[in-house]
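Visitor: Residue numbers (our numbering): -2 to 155.
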């Protein structure tokens, strides 16, 4: 990818430049996050509809703390909503995580409602829901979910 991106950098108007940069961003995401982010932004400058670049940025925003990354993540989710670019369960999980990071009582309630309405039985979603209950000072449901997870360590909590 380094050679391909160097060629693209020298001629960003070449056909497929945005696609190559988006894929390079995806490739570098688990390896060099800062480089991945740079390529994702460049890909979106060339092609604002680049799916790979948007998914990379979504993942990066999800792994950062703070209101700014939460706001950017929610904005990106709103842009891609309903376009089939991301699994609905992942979209719900991302949205709930970003809302919880903002931390207002309204955002926490919205995040809890999202996860409850999704009906997801995944351990990750149950753990996130328990954290949201705790964050909003609803200790009994948080405790119940955590107990379910402990009782069924290798199965989906129900």
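Every residue, glycine too, gets a C-beta built ideally from N, C-alpha and C.
Predicted, not measured: the structure shown is a model, and the values here were computed from it.
Give me, in chain order, the residues of the same chain whose beta-carbon lies closer than 7 Å to that of residue 108; leave out the 5 immediate sequence neighbours on both sides.
Guide: 93, 96, 97 and 129.
Visitor: Would you mind stating whether residue 113 and residue 67 have Cβ atoms separated by less than 8 Å?
Guide: It is not a contact, given that the beta carbons lie outside the stated cut-off.
Visitor: Grab the span of the alpha helix (DSSP H) containing residue 102 for me, first residue to last.
Guide: From DSSP, the alpha helix (DSSP H) with residue 102 extends over 102 to 115.
Visitor: Using only the alpha-carbon positions, how far apart do residue 87 and residue 132 sit?
Guide: Roughly 21 Å between the two C-alpha positions.
Visitor: Short check: CB of residue 34 to CB of residue 57, under 8 Å?
Guide: Going by C-beta atoms, residue 34 is nearer than 8 Å to residue 57.
Visitor: Under a three-way DSSP split, which group does residue 11 fall into?
Guide: Coil.
Visitor: Between which residues of its own chain and residue 142 is the CB-CB distance below 8 Å, once the five residues before and five after are set aside?
Guide: Correct list, in chain order: 123, 124, 126, 127, 130 and 154.
Visitor: Quick one: complete alpha helix (DSSP H) runs, 4+ long, within the stretch 25 to 71?
Guide: As far as the stretch 25 to 71 is concerned, its whole alpha helix (DSSP H) runs of at least 4 residues are 30 to 43 and 48 to 59.
Visitor: Using the Cα positions of residue 38 and residue 50, report the straight-line distance between them to the nearest angstrom.
Guide: One C-alpha to the other measures close to 7 Å.
Visitor: Ordered along the chain, which non-local residues of its own chain (more than five positions away) have a Cβ less than 7 Å from that of residue 138?
Guide: The answer, listed in chain order, is 130.
Visitor: By the three-class DSSP mapping on this structure, what secondary structure does residue 139 have?
Guide: The answer is helix: DSSP assigns residue 139 an H, G or I state.
Visitor: Am I right that residue 121 and residue 90 are in contact with their C-beta atoms under 8 Å? What's the rounded C-beta distance?
Guide: Between residue 90 and residue 121 the Cβ distance is about 7 Å, and since that is below 8 Å, they are a contact.
Visitor: Terminal residues of the continuous alpha helix (DSSP H) containing residue 149?
Guide: No alpha helix (DSSP H) holds residue 149; DSSP gives it neither H nor E.
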